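Undergrad:
2 protein chains.
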Amino acid sequence: MSFKSDIEIAREAEKQPIQHIGAKLGIGPEDLIPYGHDKAKVGQAFIKGLEGRTDGKLILVTAVNPTPAGEGKTTTTVGLGDGLAAIGKQAAICIREASLGPCFGMKGGAAGGGRAQVVPMEEMNLHFTGDFHAITSAHNLLAAMIDNHIYWGNDLDIDDRRVTWRRVMDMNDRALRDIVVGLGGVSNGSPRQGGFDITVASEVMAILCLATDLDDLQRRLGDIIVAYRRDKSPITCRDLKADGAMTVLLKDAMQPNLVQTLENTPAFVHGGPFANIAHGCNSVIATRTALKLADYVVTEAGFGADLGAEKFLDIKCRKAGLAPACVVLVATVRSMKMNGGVAKADLGAENVAAVTAGCANLGRHLQNLQGYGVPVVVAINHFVTDTDAEIDAVRDYVANLGAEAILCRHWELGSDGSRDLAVRVAEIADSGVADFAPLYGDELSLFDKIECIAKRIYHAAEVTAPPQVLAQLREWEAAGYGALPVCMAKTQYSFSADPTLLGAPEGHSIPVREVRLSAGAGFVVAICGEIMTMPGLPRTPAAEAIGLNDLGQIEGLF
Amino acid sequence: MSFKSDIEIAREAEKQPIQHIGAKLGIGPEDLIPYGHDKAKVGQAFIKGLEGRTDGKLILVTAVNPTPAGEGKTTTTVGLGDGLAAIGKQAAICIREASLGPCFGMKGGAAGGGRAQVVPMEEMNLHFTGDFHAITSAHNLLAAMIDNHIYWGNDLDIDDRRVTWRRVMDMNDRALRDIVVGLGGVSNGSPRQGGFDITVASEVMAILCLATDLDDLQRRLGDIIVAYRRDKSPITCRDLKADGAMTVLLKDAMQPNLVQTLENTPAFVHGGPFANIAHGCNSVIATRTALKLADYVVTEAGFGADLGAEKFLDIKCRKAGLAPACVVLVATVRSMKMNGGVAKADLGAENVAAVTAGCANLGRHLQNLQGYGVPVVVAINHFVTDTDAEIDAVRDYVANLGAEAILCRHWELGSDGSRDLAVRVAEIADSGVADFAPLYGDELSLFDKIECIAKRIYHAAEVTAPPQVLAQLREWEAAGYGALPVCMAKTQYSFSADPTLLGAPEGHSIPVREVRLSAGAGFVVAICGEIMTMPGLPRTPAAEAIGLNDLGQIEGLF
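As given, the protein sequences belong to chains S and E, one line each in that order. Each residue of the first sequence is one higher than the one before, starting from 44 at the first, in the numbering used here. Each residue of the second sequence is one higher than the one before, starting from 44 at the first, in the numbering used here.
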């Protein structure tokens, strides 16, 4: 059996003009700001006019812990959206935008795969509608204004050893992680240590994705803490008067992007914060807009459910007043096998025992998610190498937990392969049984929130933290930040802080090495392990093989 | 008398849908890639299909040496385009895109002024269609691939002391001029000195503006010299295999942008290389496309005619096979007064003697331009404070040189104010008297080319250069770069290298301090004085006052 590549399928897509896609949601051509013929932004004024409308049903797609085998979370999000549309529901999907930088390293696209893709895939993996460039510009304008302020006399008394605001670039460039700026003498300023993160790690990205409108965006930008004085009092973006200009730079980027799936289902692709030091889901404004326009909105969270879904539910839903009607938990036979101890090279051979053993990971996520009061369906994302016995093993495991697992073949068949899942998800969403509540209350102390997540989601025995971390948390509580949610930055490969510990470990210890305050985004980041905020390129970067072919098509990007 | 501000006028513009503007040039909606409703890119396939069509007439707008009084070169370019359209000619204008970074420092927009503007002005001064962001990404991908190559073992034997490729950002950020990258230990690479230029100073920008199509773009990108080995042999972008991926990043940016003037005349706004270390005019592909589509194409060159027009004629026209049919030399009474020794604060008072004295600057440019074999018309860009006697002084001076000066009031009146100029320019262009030839031949040595420009355009007595500069030029000649044109990087305020020497100095010395090879762009840069390739922000950046008002309009940007 041979299959077409993702890019071959994407090139054959019968795309509809973006105005037709908008019309499916009741957006007139005058309210769509076109970017080419197949992409558009939805106008701010139109979005404002939707206030007061009833929301559709929100469906969250999340997954087991990621393995090199691949789980297909975005593919399932797209497939479910197409499946809902195919059974006659008015549906839309909401996913994140792709970061340009990593495309030149190793990673390919982030637009689904097979017959379950969002198009135009090339552009979504390159500049798209320029949102990430706008975020880069806004972030770096603030950085330039900080050094400029110091240069001209430092009226705000910024302690140049305590400038926490770094610069960003949408590029994998390890040489920029740790740099000294301001060399070259008087006219270039004072030397100080600095560095670049990748754009998706910017707090501006997290803010854009949590802001409800342009006023809220500017308020949050103003709240960003960029540095401290020698007395440790904070200096904000507002103190530097950068919030207005940053808002202007982000004005267009705040408008959600509309594209389509291969089956012409409307897809909002907007925002893309890191899933470790940020919350890892698409923008609140896109999700809210989609909910006003469609009866069913399928969206996804980053990484596995322990990180991505937890943040989606405890940060995004809490802050934006959203409540999912159903959660879809994606697993694959292959990833269960790896969780059961099989090496990637041996995934081809049938191994029912390993699948069953690995299902402990799936079961843990399932039960965690049920704890939020939302019904959960497991989607088994089918690979052509899966055997019936292996698939049955997953099904049986889930059934024994009192839940149900549905086989999906959208990668191979498009909506024909996701019909069963779509029917069931729609039933659950319509049933109204969901009764969402976040994991913890705002009133818990910051450390208690971390402990709550570690114990109830990660099943850890304890949380450890050095005294300065505990002191820092108490300082922030005293300064009025105690009601913020926490954003866990932990390996995505395990429930524990050890990426090699697969399955469903228990009794481990979660070490909080460092905490950071994202005062604009509105969360406290707890860093548990090595977190890379500026990736590097591999020995042979993908970029070396990227180019235009004789037909002017892009080769090597995917 | 009170006048509306530029932004007030721009907001009142009765813009036509961009498809209507395209239709004026015979571009169908399917060949326009819309960016919003009032901006579009012209498709590559459509442009390819224009080959073989007869070209329209090319009209260059240049100016006297810039003074703080303002000359209004872009305003006159727009006004002349509108004037030609108003007298029934099929006209288009071609200007540069604005750099985003400086908008947050001091400088306002670059889209004309008064009743002679290109719209949408806000977007042109912000992200526009993302071209500069694409250039930034392509440039920095190459930078990342250089450091990555060294990191993984340096098979190409790059001498890390001789990496000439810096990074770029579209921001005024002096702290990034001179930095050390690669700090932090083994996993971040080796420390080395580096720095950032502003994006418009990137060689990628110059290349995009000189490339004739995507193949030529990739070839030129491949030719970029990024570093040298210890034996001083060059390492190119092609050696690093970055040229293909950079071309992919620039694919959309290579398509010219179409917008409109306040009077709905088609305006191509594309590319924006520095006018010092690069050639300072809009893209070849935009100019060529406009010439295939319009009977009259009005374009402008950077700075004064000594730098901007010289480079337009000796670099862009030579390389792209273009030949102007007429040159318009813009002067103002105010700038003549400043050249005649009046301080900016005293410009309000009538001073005919100073005007006449300052006209020496105008006369010098006029005669220089006539040396290229192209007829020259002086446009006196009217300011409401000009007196009749002052205007007559300029007219008389020009008449005494056997040329003609035409008063223009397009700033105040739009095309009603530029009708006389338009009529005369069309007559000259139609007469076919132009017989363009560049100043020097390809066969001259690189130093002789510098000397030719210095003596014949700047009226210098001599060119001085340290021995290592002369040796470097000879090395490049030996390496096969001798036929390249030279790109002078000199103060724009004077014919000499001394910015305070106004008027028409003679007998001065032009010191070439440094030379640089832009092998991809295809010129050798001769640096004569301090050239700033990364500006800083002023004490009170314009950004502090930029923001959205209650109507959601941008305030403070202009």
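Think of the CB as a built atom: it goes at the ideal place given N, C-alpha and C, for glycine as much as any other residue. None of the values given here were measured: they were computed from a predicted structure.
Check whether the Cβ of residue 291 (chain S) lies closer than 8 Å to any Cβ atom in chain E.
TA: yes
Undergrad: Please name the residue in S:348, S:312 and S:253 whose C-alpha comes closest to that of residue 562 (chain S).
TA: S:253
Undergrad: Determine whether the beta carbon atoms of residue 105 (chain E) and residue 348 (chain E) lie at a separation below 8 Å.
TA: yes
Undergrad: Would you mind reading off the limits of the alpha helix (DSSP H) that contains residue 175 (chain E)?
TA: Membership of residue 175 (chain E) in the alpha helix (DSSP H) is indicated by the continuous run 174-194.
Undergrad: Give the C-beta separation of residue 135 (chain E) and residue 340 (chain E) to the nearest angstrom, bearing in mind that I take them to be a contact with Cβ-Cβ under 8 Å.
TA: 5 Å between Cβ atoms; contact.
Undergrad: Going by DSSP, what residue range makes up the beta strand (DSSP E) through residue 241 (chain S)?
TA: Residues 239-241.
Undergrad: Pairing CB atoms from the segment 432-447 of chain S with CB atoms from the segment 400-414 of chain S, are three or more of them under 8 Å?
TA: Under the Cβ criterion (8 Å, minimum of three pairs), the segment 432-447 of chain S counts as touching the segment 400-414 of chain S.
Undergrad: To be precise: take each residue of the segment 255-286 of chain S, compare its Cβ to all Cβ atoms of chain E, and keep it if any distance is under 7 Å. Which residues remain?
TA: Correct list: 257, 284 and 285.
Undergrad: Taking only beta carbons into account, state which residues of the segment 297-329 of chain E come closer than 9 Å to chain S, listed in chain order.
TA: For the segment 297-329 of chain E, which is checked against every Cβ of chain S, not one residue is closer than 9 Å.
Undergrad: Does the Cβ-Cβ distance between residue 115 (chain E) and residue 302 (chain E) come in under 8 Å?
TA: no
Undergrad: Skipping 5 residues on each side, what residues in its chain have a beta carbon closer than 6 Å to that of residue 416 (chain E)?
TA: 478, 479 and 480, listed in sequence order.
Undergrad: Cα-Cα, which of S:251, S:86, S:268 and S:270 is closest to residue 261 (chain S)?
TA: It is S:251.
Undergrad: Can you tell me the Cβ-Cβ gap for residue 154 (chain E) and residue 122 (chain E), rounded? I've got them flagged as a contact below 8 Å.
TA: So it is not a contact: roughly 13 Å between Cβ atoms.
Undergrad: If you run the structure through DSSP and keep just helix, strand and coil, what is residue 254 (chain S)?
TA: coil
Undergrad: Measure from the C-beta of residue 164 (chain S) to each C-beta in chain E and report whether the shortest distance is under 8 Å.
TA: no
Undergrad: Pick out whichever of S:356, S:311 and S:352 has its Cα sitting closest to the Cα of residue 335 (chain S).
TA: S:311
Undergrad: Pick helix, strand or coil for residue 126 (chain E), following the three-state DSSP scheme.
TA: It is helical.
Undergrad: Just to confirm my understanding: we take residue 395 (chain E), look at its own chain, exclude 5 residues before and 5 after, and list those with CB closer than 7 Å. What are they?
TA: For residue 395 (chain E), where only same-chain residues beyond five positions count, the Cβ hits under 7 Å are 432, 433 and 436.
Undergrad: Report yes if the CB atom of residue 464 (chain S) is closer than 8 Å to the CB atom of residue 422 (chain S), and no otherwise.
TA: yes
Undergrad: Following a CB-centred definition, is residue 67 (chain E) positioned closer than 7 Å to any heavy atom of the ligand MG?
TA: Annotation note on the ligand MG: not contained in the displayed structure, which lists no ligands.
Undergrad: Going along the chain, which residues of its own chain have a beta-carbon closer than 7 Å to the beta-carbon of residue 277 (chain S), five neighbours each way excluded?
TA: 268 and 271
Undergrad: Between residue 443 (chain S) and chain E, is the shortest Cβ-Cβ distance under 8 Å, so that the two count as touching?
TA: no
Undergrad: Compute the Euclidean distance between the alpha carbons of residue 51 (chain E) and residue 428 (chain E), then round it to the nearest angstrom.
TA: 21 Å
Undergrad: Where residue 628 (chain S) and residue 401 (chain S) are concerned, what is the direct C-alpha to C-alpha distance, given to the nearest angstrom?
TA: In the structure as shown, chain S begins at 44 and stops at 601. Residue 628 (chain S) is therefore absent and cannot be evaluated.
Undergrad: Using only the alpha-carbon positions, how far apart do residue 190 (chain S) and residue 600 (chain E) sit?
TA: 21 Å
Undergrad: Straight-line CA distance for residue 556 (chain E) to residue 540 (chain E)?
TA: 11 Å
Undergrad: Over what stretch of residues does the alpha helix (DSSP H) that includes residue 376 (chain E) continue unbroken?
TA: Counting along the chain, the alpha helix (DSSP H) containing residue 376 (chain E) begins and ends at 376-382.
Undergrad: Below 8 Å CB to CB, which residues in the same chain sit around residue 360 (chain S) once its five sequence neighbours on both sides are set aside?
TA: Cβ-Cβ distances below 8 Å link residue 360 (chain S) to 366, 367, 479 and 481 in the same chain, with the five nearest sequence neighbours on each side left out; the list follows chain order.
Undergrad: Could you tell me whether the segment 448-459 of chain S touches the segment 490-508 of chain S, where touching means 3 or more Cβ pairs closer than 8 Å?
TA: The segment 448-459 of chain S, when compared against the segment 490-508 of chain S, does not touch it at the 8 Å Cβ threshold.
Undergrad: For residue 298 (chain S), count neighbouring Cβ atoms within 10 angstroms of its own Cβ and tell me buried if that reaches 16, exposed if not.
TA: buried
Undergrad: Between S:526, S:201, S:403 and S:469, which has its C-alpha nearest residue 279 (chain S)'s C-alpha?
TA: S:201
Undergrad: With a threshold of 8 Å between beta carbons, is residue 147 (chain E) in contact with chain S?
TA: Cβ-Cβ to chain S under 8 Å: yes for residue 147 (chain E).
Undergrad: Please tell me whether residue 210 (chain E) and residue 186 (chain E) are closer than 8 Å, where the distance is taken between their beta carbons.
TA: yes
Undergrad: Tell me which residue opens and which closes the beta strand (DSSP E) that residue 455 (chain E) is part of.
TA: Per DSSP, residue 455 (chain E) belongs to no beta strand (DSSP E); it is in the alpha helix (DSSP H), 453-456.
Undergrad: Using a Cβ-Cβ cutoff of 9 Å, what residues of the segment 196-224 of chain S are near chain E? List them in chain order.
TA: If you check each beta-carbon in the segment 196-224 of chain S against every beta-carbon of chain E, the ones closer than 9 Å belong to 196, 210, 212, 213, 214, 215, 216, 217, 218, 219, 220, 221, 222, 223 and 224.
Undergrad: Go through its chain and collect everything with a Cβ distance to residue 471 (chain S)'s Cβ below 6 Å, but skip five positions before and after it.
TA: So the list reads 369 and 418, once near-sequence residues are dropped.
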